[in-house]
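J.: Quick one: this structure, given as structure tokens, is what I'll be asking you about.
Protein chains in written order, with full-length UniProt numbering: chain A, 1 to 697; chain B, 1 to 697.
Here it is in structure tokens:
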């Protein structure tokens, strides 16, 4: 199809063109790296597969934003981000449908099937802007990523050529390994990973060298097999990395179809248990489709057994669905996609052996699809890894701290998912420990209770990381240092290891109503939020903090990138008024940190220029806090965000948000606080940078 | 550029490719008509010109929506609208910047220039979702329209070919006239308008016949001159249509530029009065531009006089701006656009002579640009005319009632604008009646007061129509009929002649949170809102209304289009479950009406199927009312929209919203109410339809 050939040396090789691989490619492209992205399929997905995007994933996609490629009159503007609007998120939202509410249907004493309960898809207590599950087929999701990657590549100053989709396909991975150090091959010190790929049609092979390789090639990962060893076919169960867990004999069919029905909730997500015919989950989908997850069981000699996987056809699936839907009519029309799966949960024993070839997504964890989690967690695996690789590859991050934190954080989430999914999918299939003794019987009440209890986790907002060098919680090493008491001030509700909670503020430079959480797009920088409270009390502390930042001893000046190394292709804030040169300068000082100042005192009572430098130089990141928030009605318009976050107006606080939107550290707005932050950053950032190899950003 | 030639016969000729002409073309294309759209310019606008889009205009653009041209798996879906998402509105919002707040700067006793006041761009009491002014140059606005027109043309089954932009250009209007009836030319009865156009380069002429011609060709309208008579050059002041009003000697320059400045509010809309150097208005713009409106005056012999229009250069404008900005620094960089204008207000004595050739936009009203109103009112002129032409051209509307209502409604708005603009622009230029006697002095307090008082009007939400056959207010003929007392029930806050106020509801069919106002996209249909209140009280009335609608005597059955005539290319709601055939049938019954049922009783307590037919057949337009609205906190989640609209939960009400989003009639949910609606619709709709000529929709 194309005669563009792979280069010999890349920053990162990404194997697999599904959502996880695409997220890796999008993030690493944004950070300015040259990626070799291969997929063994000749084309992106065209229908079906994963279809549910959860609230936290939408929040993340919004934060990645969208590159505007429109020409700028008078030439490019320095200090103005090319990111505008929602990009991937907006595209998906305009193409998908939304589920706000879930209905539970069960047999009752009087009816064969009745709506017995309802639950919000994302309950009210989860504080998230997009409080719904977004549904669209995986191909639309992949195309939204591909379009955005392509748009960003046009902004990269020296991107290697790729085929139009950004992915070399069809290419299969033949082998990959990390070469041992060898003085005769100086490239090994920086690019030790060797990958052999083969074109699916021409069988032409290429041998590639890269710094890292990301294995996003699914449950039957070739990458995993290459590094784990073992035989073809049993590589999952033997070798250096094994898949741990178990499968059941429970078989489900899944199909996307148009139907005619008098079932009233056909446009809702429904969890339907029949009395003795098994269970169904339906989900509304784009283009008037309905997704059916159908339990495939039959009665054999008075016993209910699963239909064998290799005999489960689309027709059988449709027949089972009609049976479970009784007494409602259900006629099937156009069928867009059909597949069969077996309930099971497995997790890789290790995500990486050497922190050079790193697995993620389905290559590390598999489970049943009903909870709508897999694609989300897989994408977020790569989102979580990318910014760490960015810091490491630019010489600023300590690889020995940052890279292990990937598995530490993401494995915790995957384990929690598997635990939930195991119980949930068995209970839904009528195999819960306390299920009724009737064949196929289901403990509906227990199932509904479990659904509701896990909604914080399934929204994605409940993916919580534990203490490590990046999350300054009790147990983290920084919490044993001299400034431990300045961390996690009493009453503050923002917690390290959890996402920054949303809130609206007024951007003082232009009076716009904005969402604080989305103000800095994913650009590889740490977002230092200074909650300044009441300026009459906090001004001395603000001045102290500013003087500290300006001093050579501050983290801002100790953890510097080499000149010309940018954090990403997304520019920092336009800093000083419309003084474009100044904007460029402030950003160039250190693009890996950015400052946001949120003031509790109404902004009519002070000017941006009253703030100490450098805070006032981040002019477009100074905010007033007077917008009503229905979650804290008692605060009215009197600093509601300070109130919601539990920040003392007389004391203020400093909240460090990592490049992935997670809170990393919360400290007092005091000398101990900012000295504590110095220790925090010193835990995973280098002080004296080695020259950055092949620095382009 | 293209060898596509105009046809000989069209439904409508639109002259002028600015925002008014584009709105006409977009709406009429949506309604399924073949348009000949010409513009004398070779290309769309590339910079500058009109740049402010007001809240009500954004609301309208959102309601026009966006056509999705993505292929649908399994083929097109009957009963599902091809409109998805925001279309024109979203495109503009993603490209523009927002003004939420205005700052006033004046000389004070201690400072040469100080911020003396602030005001919201759209005050809190205006209930509108997009509560800001959106700013982007006119070319971006035109391109958003052109893209959407092109997308919709692909949905038209037998669209005439046009050049890629949808507009034939450069073409000048040579002549246009309405031919008198002539039995030897049967086309004259349906297509009496004759237009002669000439290609700007080749000078090739075409003579076109159409049903209507819309003159959207600006202040120096050729269309107006053709029908008004008089000499070239003085056609504005003589002939059958004259421009009435006056000009001043006040000259302003306007430029779009990038600047460096230490003026703190450079990203706000600012109204700046210097002590003796004149006034400036600045507006932030896309791509880091700033628009400057600069009063061009000088001191001559101790007296302040305007600079002559023909001597006003960009350099003079920049020099004046720097002077007025003192003591702040202001350095100009790239200049994107520059122009000069003279303050004045004029309005056409008539908008049309025969209701066949009809003027709108700048061809009917001109004024100064500072209030940011002109483009908005011009676009809305055509938005307001298009749905009336749709009804008339499809044989359903009475031309003698609907077409005169265009001028009745829109002239009222234009007159109000001119009155405001005359006072506002003179006051801003220091020529107000009570202005200080100092040369160039300005009564700042009076000016700020006027700005604030007119914010409801300038947001566009205060464009209120008076009583006529379409607006059932006291004075309308329907209000002298037997059911007059059923109109405008006491306490109801929705008023005929005003836009439907926004509010969020829950769509029962899928549980989605939606904006009621935006649920039915502009599709030419009347939206009959049944506020059903408490079903325990209102069910008998609902059943009575449903029986009435089903009877041959109802407006729904009396005002029918011919078979196969659709209201627009935008389909009606998917009606009965996912039963696609039924959906098609219900829509085909009468696409010029659609029913939305809003129930006060929580939807957990009833099913859509409990509602009488036909209300339950409009399944995707049945809503629950339990979403908190901060404007009626006292209602909590207990039917807040009923509460906000002042609708009695025990009685309910019926609210007719016209295809342009204006409330047409509010009646009791009672027999007198629906019989009153029968009279209302009979006032402007035909009962027995003549065969529709060349019916395609």
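Built from N, CA and C at the ideal position, the CB exists for glycine as well.
Going by the beta-carbon positions, is the gap between residue 342 (chain A) and residue 251 (chain A) smaller than 8 Å?
T.: A contact, by the Cβ cut-off of 8 Å.
J.: Quick check: is the beta carbon of residue 628 (chain B) nearer than 8 Å to any beta carbon in chain A?
T.: Yes, its Cβ sits closer than 8 Å to a Cβ of chain A.
J.: Hey, residue 338 (chain B) and residue 263 (chain B): beta-carbon distance below 8 Å or not?
T.: Against a cut-off of 8 Å, the Cβ pair of residue 263 (chain B) and residue 338 (chain B) comes out as no contact.
J.: Identify the contact partners of residue 513 (chain A) in chain B, using a Cβ-Cβ distance below 7 Å as the criterion.
T.: In chain order: 100.
J.: Taking its Cβ as the centre, do 16 or more other Cβ atoms sit within 10 Å of residue 64 (chain A), making it buried, or is it exposed?
T.: Buried, since its Cβ has 16 or more Cβ neighbours within 10 Å.
J.: Measuring straight from C-alpha to C-alpha, what distance separates residue 273 (chain A) and residue 249 (chain A)?
T.: For residue 273 (chain A) and residue 249 (chain A), the distance between alpha carbons rounds to 19 Å.
J.: Tell whether a beta-carbon distance below 8 Å holds between residue 20 (chain A) and residue 360 (chain A).
T.: Yes; because the gap between Cβ atoms is below 8 Å, this pair is in contact.
J.: What residue from A:40, A:113, A:563, A:56 has the CA that sits closest to residue 458 (chain A)'s CA?
T.: Nearest of A:40, A:113, A:563, A:56 to residue 458 (chain A), Cα basis: A:56.
J.: Between the Cα of residue 618 (chain B) and those of B:601, B:595, B:551, B:191, spot the shortest distance and give me the residue it belongs to.
T.: The shortest Cα separation from residue 618 (chain B) among B:601, B:595, B:551, B:191 belongs to B:595.
J.: For residue 410 (chain B), does the three-state DSSP call read helix, strand or coil?
T.: Of the three classes helix, strand and coil, the one that applies to residue 410 (chain B) here is helix, per DSSP.
J.: Should residue 169 (chain B) and residue 49 (chain B) be called a contact, given that it needs their Cβ atoms to be closer than 8 Å?
T.: Contact flag unset, no.
J.: Thinking just about the alpha-carbon of each residue, which of A:130, A:32, A:208 is nearest to the one in residue 460 (chain A)?
T.: Among A:130, A:32, A:208, the Cα nearest to that of residue 460 (chain A) belongs to A:130.
J.: Between which residues of its own chain and residue 375 (chain B) is the CB-CB distance below 6 Å, once the five residues before and five after are set aside?
T.: So the qualifying residues of the chain are 19, 50.
J.: For the stretch 116 to 166 of chain A, which segments carrying the alpha helix (DSSP H) assignment without a break, of at least 4 residues, lie completely within its bounds, in sequence order?
T.: 138 to 153, all fully within the stretch 116 to 166 of chain A.
J.: Which residues in the same chain as residue 181 (chain B) place their Cβ atom closer than 7 Å to its Cβ, once the five residues preceding and following it in sequence are excluded?
T.: Taken in chain order, the residues that qualify are 188, 189.
J.: Go through its chain and collect everything with a Cβ distance to residue 492 (chain B)'s Cβ below 7 Å, but skip five positions before and after it.
T.: 645, 646, 647, 653, 666, listed in sequence order.
J.: Identify whether residue 112 (chain A) lies in helix, strand or coil by the three-state DSSP scheme.
T.: Residue state, collapsed to three classes: coil.
J.: Please confirm if residue 575 (chain B) has its CB atom under 8 Å from at least one CB of chain A.
T.: Note that residue 575 (chain B) scores a pLDDT of 42, beneath 50, so its modelled location is shaky; the value from the coordinates is reported in the next line. It does not; no Cβ of chain A falls within 8 Å.
J.: Please compile the residues from chain D whose C-beta is within a distance smaller than 7 Å of the C-beta of residue 509 (chain A).
T.: No chain D appears in the structure shown, which is made up of the protein chains A and B.
J.: Classify residue 43 (chain B) as buried or exposed, calling it buried when 16 or more other Cβ atoms lie within 10 Å of its own Cβ.
T.: Looking at its Cβ environment, which holds fewer than 16 other Cβ atoms inside 10 Å, residue 43 (chain B) is exposed.
J.: For residue 607 (chain B), which residues in chain A fall below 8 Å Cβ to Cβ?
T.: By Cβ distance, chain A contributes 264.
J.: Have a look at residue 629 (chain B) and residue 640 (chain B) and give me their C-alpha separation to the nearest angstrom.
T.: Going by the C-alpha atoms only, they are around 7 Å apart.
J.: What is the DSSP secondary structure of residue 550 (chain A), reduced to helix, strand or coil?
T.: Helix, per DSSP.
J.: Strictly under 8 Å for the Cβ-Cβ distance: is residue 171 (chain A) near chain B by that measure?
T.: So no, residue 171 (chain A) is outside the interface.
J.: So which of A:395, A:224, A:425, A:286 has the shortest CA-CA distance to residue 247 (chain A)?
T.: Residue A:425 is the option with its Cα nearest to residue 247 (chain A).
J.: Between the stretch 144 to 162 of chain A and the stretch 533 to 541 of chain B, do at least 3 Cβ pairs fall closer than 8 Å?
T.: Touching, no.
J.: Using alpha carbons as the reference points, say which of B:117, B:257, B:220, B:668 lies closest to residue 490 (chain B).
T.: Per the Cα distances, B:668.
J.: List, in chain order, every chain B residue whose beta-carbon is nearer than 7 Å to that of residue 74 (chain A).
T.: Under the 7 Å cutoff, chain B gives 258, 334, 336.
J.: In angstroms, rounded to a whole number, what distance separates the CA positions of residue 559 (chain B) and residue 687 (chain B)?
T.: Each residue's alpha carbon lies about 5 Å from the other.
J.: So what does DSSP say about residue 241 (chain B), is it helix, strand or coil?
T.: Correct three-state label for residue 241 (chain B): coil.
J.: What span of residues does the alpha helix (DSSP H) with residue 103 (chain A) cover, start to end?
T.: Where residue 103 (chain A) is concerned, there is no enclosing alpha helix (DSSP H), although the beta strand (DSSP E) it sits in stretches over 101 to 106.
J.: Less than 8 Å separating the beta-carbons of residue 333 (chain A) and residue 267 (chain A)?
T.: Cβ distance not < 8 Å, so residue 333 (chain A) and residue 267 (chain A) don't count as in contact.
J.: Alpha carbon to alpha carbon, what distance is there between residue 422 (chain B) and residue 6 (chain B)?
T.: Taking the straight line from one Cα to the other gives about 42 Å.
J.: Which same chain residues end up closer than 6 Å to residue 96 (chain A) when comparing Cβ atoms and leaving out the 5 residues on each side of it in sequence?
T.: Excluding sequence neighbours, residue 96 (chain A) sits near 134, 135, 136, 286.
J.: Under a Cβ-count criterion, where at least 16 other Cβ atoms within 10 Å of its own Cβ denotes burial, should residue 670 (chain B) be classed as buried or exposed?
T.: So residue 670 (chain B) counts as buried.
J.: Determine the closest residue to residue 35 (chain A) out of A:469, A:159, A:94, A:119, with distance taken between C-alpha atoms.
T.: When each option's Cα is compared against that of residue 35 (chain A), the closest is A:159.
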